[in-house]
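Q:
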């Protein structure tokens, strides 16, 4: 007779989590690092009781906002290259609803995280319970159904025995590189405390092996022939290359065959910026060097990329009349994009095969790669010297505001700092081993263009979903994943106001993060977007009902939480603050007032956004005409 263990569903869940291991390239370790929790009536007596009774090796962290702690879990998994996870448990109703934005972030970025929202009573006897929504047409619909669209795997457990198949399926998805993403297992609150005689074998040690599927001979022959026929190929490094650990192979293949590298946001820091053939970010937030080389390329070798609109400049970054595409991707759907030649295999394993088969192949690049890199380095240096002059417009400062409005901001915020010069100063001062993170607004553009990551896997920008509020929560996750190194969260004032709950968690658990708060009193990125396309500044600046610019003392807010804080108004003061912050053992916040319109602009790139086809504004009409012209050159599929 099989051995049975009588446990509640919550106890069985926790026991199972402790027995999950992952093995990559022969290295085996626990897959689940811990659990973030916010307890409510839906989970405190079920999963909560089980965690309190026997957490084992699991690190249990009390979150402050469900979205925030899920974002922290995403940041952790991302930094660990998807090889470890945190689970996240919430109560029913609003607690589970708050997971939606974070689940979308994990799904868009292909990041594994286990979401455990509680659900309403399986028996329905107390219905409607506190925080339960009711649908007249379907009594089984709950708040958790909202998570279906943003989960890679979704299930609802209404009987204890369902937990077994549900969890095994969830872990298969999370440990599958081709499908990695959020697994959501909703567990009815009464079922969490219900007992069942589980087979003891369900709790045996389970090892999830991450193998490296190699390309088949047909794929090897086709991609080898395609590359050998190209004269000026370019490698587009995506997040899949980073997660596959393909740094060494990328450097070797680039050096040996003289192929330039360009990066997506997710792929940045797979290969350090100091590598001679790394031309930096590609697309709308990319460098001039990367965009110029990519447009002239006759072959784009996309490695682990989704080809988002920002990477492809809304499908205008390449000369589609002349350029072929070769996609190396573990995910079949992604490999088919841009009508490419498809290689469905692991990035690292595929590059190793290419190194065996390209023989004496060489590209026809002569000085173009080094010239493009040097040209960009000069531009980067120039951007560091741009200064504000209250008497006339600097042509390098975006000029949708007139001089009077720009001066108004300088007076209201008591600053003359430009955003690009601040980013470059930080890059010069902080320890190269530090991890940097951001997510939304204009900062991802400045970071992808300007930030030279001289150490691999130190750039953690989330731009698959560009979720405002990820920046600080994600920084906590990165610190949990890499406690030995400093973490810097680049966050705009808009995103800080949106969500900074886990900053408090970092203080509570002594997990130091450094918040670099760029305050330009508004949603500066979207203000640029509307004004660049002919719309007046409308509801994107932070102004009072009397039209006064808001000047919020964010440092005082952080000081109240117990953080070490700084307020800087010059590059010299910024450097001093950064050096002092590095010496602290508690979380810090540096409030940096920066002028709007002083971020970097696009370099030979274009973004397709919805522009009114009919308007009385000549500026909007002109923007629409430009869009029509660009779309004629864009690939339609």
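In the numbering used here, the protein residues as written are 2 to 638.
Each residue gets a CB set at the ideal place from its N, CA and C atoms; glycine is no exception.
Who are the Cβ neighbours of residue 613 in its own chain at under 8 Å, not counting the five residues just before and after it?
A: Within the same chain, residue 613 has close Cβ partners 621 and 625.
Q: Going residue by residue through the region 543–614, where are the continuous beta strand (DSSP E) segments of at least 3 residues, counting only ones entirely within it?
A: Whole beta strand (DSSP E) segments, 3+ residues: 565–569 and 589–594.
Q: Please classify residue 157 as buried or exposed, where buried requires at least 16 neighbouring CB atoms within 10 angstroms.
A: With 16 or more Cβ atoms within 10 Å of its Cβ, residue 157 is classed as buried.
Q: Taking buried to mean at least 16 other C-beta atoms within 10 Å of its own C-beta, is residue 83 buried or exposed?
A: Counting Cβ neighbours within 10 Å, residue 83 comes out buried, since at least 16 surround it.
Q: From what residue to what residue does the beta strand (DSSP E) around residue 359 run?
A: That residue, residue 359, is in no beta strand (DSSP E); it is neither H nor E in DSSP.
Q: In chain order, what residues of the same chain have a beta carbon less than 7 Å from the beta carbon of residue 18, not counting five sequence neighbours either side?
A: The answer, listed in chain order, is 33, 59 and 88.
Q: Can you find a CB in chain B that lies within less than 9 Å of the CB of residue 327?
A: Looking for chain B here will not work: only one protein chain is present.
Q: With 16 other CB atoms within 10 Å as the buried threshold, where does residue 314 fall?
A: Buried, because 16 or more other Cβ atoms sit within 10 Å of the Cβ of residue 314.
Q: Evaluate residue 473 with the Cβ neighbour count: other Cβ atoms within 10 Å of its Cβ, from every protein chain shown; 16 or more gives buried, anything less gives exposed.
A: Result: buried.
Q: Ignore the nearest five residues each way along the sequence and tell me which others in residue 206's own chain have a CB closer than 7 Å to its CB.
A: If we look at residue 206 and ignore the five residues flanking it on each side, its Cβ neighbours are 20 and 22.
Q: Need the endpoints of the alpha helix (DSSP H) that residue 72 sits in, please.
A: Counting along the chain, the alpha helix (DSSP H) containing residue 72 begins and ends at 67–80.
Q: Any heavy atom of the ligand MN closer than 8 Å to the beta-carbon of residue 596?
A: By its list of ligands, the structure shown contains no ligand whatsoever, and the ligand MN lies outside what it can speak to.
Q: For residue 93, which of helix, strand or coil comes out of DSSP?
A: Residue state, collapsed to three classes: coil.
Q: Using the Cβ count rule (16 or more neighbours within 10 Å means buried), how would you classify residue 429?
A: Flag for residue 429 reads exposed.
Q: How big is the Cα-Cα spacing for residue 279 and residue 419?
A: Roughly 27 Å separates the two Cα atoms.
Q: Near residue 51, what residues of its chain come up, given a Cβ to Cβ distance below 6 Å and the 5 sequence neighbours on each side ignored?
A: Cβ neighbours of residue 51 beyond the five flanking positions: 11, 12 and 15.
Q: Could you pull out every residue in the same chain whose Cβ sits closer than 7 Å to the Cβ of residue 343, ignoring the five residues on either side in sequence?
A: For residue 343, where only same-chain residues beyond five positions count, the Cβ hits under 7 Å are 328, 336 and 337.
Q: Pull up the distance between the alpha-carbon of residue 99 and that of residue 353, whole angstroms please.
A: Between residue 99 and residue 353, the C-alpha separation is close to 43 Å.
Q: Can you tell me whether residue 340 is helix, strand or coil according to DSSP?
A: Helix.
Q: With DSSP run on the structure shown, which of helix, strand or coil describes residue 275?
A: In this structure, residue 275 counts as coil in the three-state DSSP scheme.
Q: Let me know if residue 501 comes out buried or exposed under the rule of 16 or more other beta-carbons within 10 Å of its beta-carbon.
A: Buried.
Q: When the distance is taken between beta carbons, is residue 513 closer than 9 Å to residue 488?
A: Yes, they are a contact pair.
Q: Identify, in the order they occur along the chain, each residue of the same chain with its Cβ nearer than 6 Å to the Cβ of residue 165, setting aside the five sequence neighbours on each side.
A: Cβ within range, chain order: 203.
Q: Measuring straight from C-alpha to C-alpha, what distance separates residue 292 and residue 304?
A: Their Cα atoms are separated by approximately 17 Å.
Q: Hey, is the region 319–334 in contact with the region 258–278, meaning 3+ C-beta pairs nearer than 8 Å?
A: Too few Cβ pairs lie closer than 8 Å, so no.
Q: For residue 131, which residues from the same chain have a beta carbon less than 7 Å from its beta carbon, with the 5 sequence-adjacent residues on both sides left out?
A: The residues are 42.
Q: Would you identify the three-state DSSP class for residue 302, choosing helix, strand or coil?
A: Looking at residue 302 - three-state DSSP - the assignment turns out to be strand.
Q: Which residues does DSSP list as the beta-bridge partners of residue 209?
A: DSSP lists 23 as partners of residue 209.
Q: On the CB-based measure, 16 or more other CB atoms within 10 Å of its CB, does residue 80 come out buried or exposed?
A: Answer is buried; the Cβ neighbour count reaches 16.
Q: Tell whether a beta-carbon distance below 9 Å holds between residue 425 and residue 515.
A: Cβ distance not < 9 Å, so residue 425 and residue 515 don't count as in contact.
Q: Pull up the distance between the alpha-carbon of residue 323 and that of residue 609, whole angstroms please.
A: The straight-line gap from Cα to Cα measures roughly 22 Å.
Q: Residue 238 to residue 436, Cα distance in whole Å?
A: Their backbone Cα atoms lie some 19 Å apart in a straight line.
Q: Check whether the Cβ atoms of residue 184 and residue 172 sit closer than 9 Å, and answer yes or no.
A: Taking 9 Å as the Cβ cut-off, residue 184 and residue 172 qualify as a contacting pair.
Q: Give me the Cα-Cα distance between residue 475 and residue 447, rounded to the nearest whole angstrom.
A: Taking the straight line joining both Cα atoms gives about 19 Å.
Q: Counting pairs of beta carbons, one from the region 530–548 and one from the region 556–563, are three or more of them closer than 8 Å?
A: Result no; under three Cβ-Cβ pairs closer than 8 Å.
Q: Can you say whether residue 611 is buried or exposed, counting buried as having 16 or more other CB atoms within 10 angstroms of its CB?
A: It is exposed - the Cβ of residue 611 has fewer than 16 other Cβ atoms within 10 Å.
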